[in-house]
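Enquirer: So the protein sequences, as listed, match chains A and B. 57 is the number that my numbering gives to position 57 of the first sequence; each next residue is one higher, with no gaps. 30 is the number that my numbering gives to position 30 of the second sequence; each next residue is one higher, with no gaps. Beta carbons: idealized from backbone N, C-alpha and C, even for Gly.
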Amino acid sequence: KNEVEQSPQNLTAQEGEFITINCSYSVGISALHWLQQHPGGGIVSLFMLSSGKKKHGRLIATINIQEKHSSLHITASHPRDSAVYICAVLRINTDKLIFGTGTRLQVFP
Amino acid sequence: DSGVTQTPKHLITATGQRVTLRCSPRSGDLSVYWYQQSLDQGLQFLIQYYNGEERAKGNILERFSAQQFPDLHSELNLSSLELGDSALYFCASSVGAGEYGYTFGSGTRLTVV
Chain A
1 KNEVEQSPQN
11 LTAQEGEFIT
21 INCSYSVGIS
31 ALHWLQQHPG
41 GGIVSLFMLS
51 SGKKKHGRLI
61 ATINIQEKHS
71 SLHITASHPR
81 DSAVYICAVL
91 RINTDKLIFG
101 TGTRLQVFP
Chain B
1 DSGVTQTPKH
11 LITATGQRVT
21 LRCSPRSGDL
31 SVYWYQQSLD
41 QGLQFLIQYY
51 NGEERAKGNI
61 LERFSAQQFP
71 DLHSELNLSS
81 LELGDSALYF
91 CASSVGAGEY
101 GYTFGSGTRL
111 TVV
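(1) Return the CA-CA distance between residue 62 of chain B and residue 16 of chain B, expressed in angstroms with no decimal places.
(2) Figure out for me which residue from B:33, B:5, B:29 and B:14 has the closest Cα to the Cα of residue 56 of chain B.
(3) So, do the segment 62–76 of chain B and the segment 79–91 of chain A have three or more beta carbon pairs nearer to each other than 8 Å?
(4) Using a 10 Å radius around the Cβ and a threshold of 16 neighbouring Cβ atoms, would you call residue 12 of chain B buried or exposed?
(5) Using a Cβ cut-off of 8 Å, pull out every chain B residue sitting near residue 45 of chain A, in sequence order please.
(6) Please list, in chain order, all residues of the same chain as residue 44 of chain A whose beta carbon is under 6 Å from its beta carbon, the five residues on each side excluded.
(7) Which whole-angstrom value is the C-beta distance of residue 33 of chain A and residue 47 of chain A, which I expect to be below 8 Å?
(8) Can a CB atom of chain A be found closer than 8 Å to the CB of residue 68 of chain B?
(9) Can you tell me which of A:5, A:16, A:2 and A:1 puts its alpha carbon nearest to the alpha carbon of residue 76 of chain A?
(10) Going by other Cβ atoms of all chains shown within 10 Å of its Cβ, with 16 needed for buried, is residue 8 of chain B buried or exposed?
(11) Could you list the residues in the segment 15–48 of chain B with a C-beta less than 7 Å from some C-beta on chain A, going in chain order?
(12) When DSSP builds the beta bridges, which residues end up paired with residue 35 of chain A?
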């Protein structure tokens, strides 16, 4: 079993829809990251969380440390949100990021 | 531009060859991380350097090696290349140990033929 699991693996949506991507992990962590990877390949860091909730524009990330679960929400989705979203956790007392397999999101106009 | 520079962007080479990938971290960042992203394995941590010294090691093959130079740029050397080494190789940098987040480069796409 992977230490970081994401669901769904693939997601399609119509423009304007509310989107949720989930991440569960099984190890102790000091932080959780949400990353975005566009078809060109580059990776952008969206959020780093150790507790609670963060918001940036139309993106919201939450984490529940007790349940070892995080969600990434996109409100009013847009075709430019189409990308792979990757959850990664920083294992506690290490400098090692462990990555989920990613969620491929396609938003159609 | 994220501030992390990786060169080259693309590399095509034959099996058995050796290549060097280069990464310049964002200004002020002391840590450099190398990751491999292949189709079947996803993103995997390879190795981390902090201020010139190896700090953490992940799933890095013995055929691979890395170093960080006094000017903080890093090089990842891949030797005796195999078809399975074809992947995207990302570099990321952080101020310290990632407690303030990471900045990723745009990656080097390596194709071994």
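Expert: Well, looking at it:
(1) Taking the straight line joining both Cα atoms gives about 14 Å.
(2) B:33
(3) Judged by Cβ distances under 8 Å, the segment 62–76 of chain B makes no contact with the segment 79–91 of chain A, as fewer than three pairs qualify.
(4) exposed
(5) 101, 102, 103 and 104
(6) 36
(7) Correct: roughly 7 Å between the Cβ atoms.
(8) False, the Cβ-Cβ gap to chain A never drops below 8 Å.
(9) A:16
(10) exposed
(11) 42, 43, 45 and 48
(12) Residue 35 of chain A has A:45 and A:86 as its beta-bridge partners, per DSSP.
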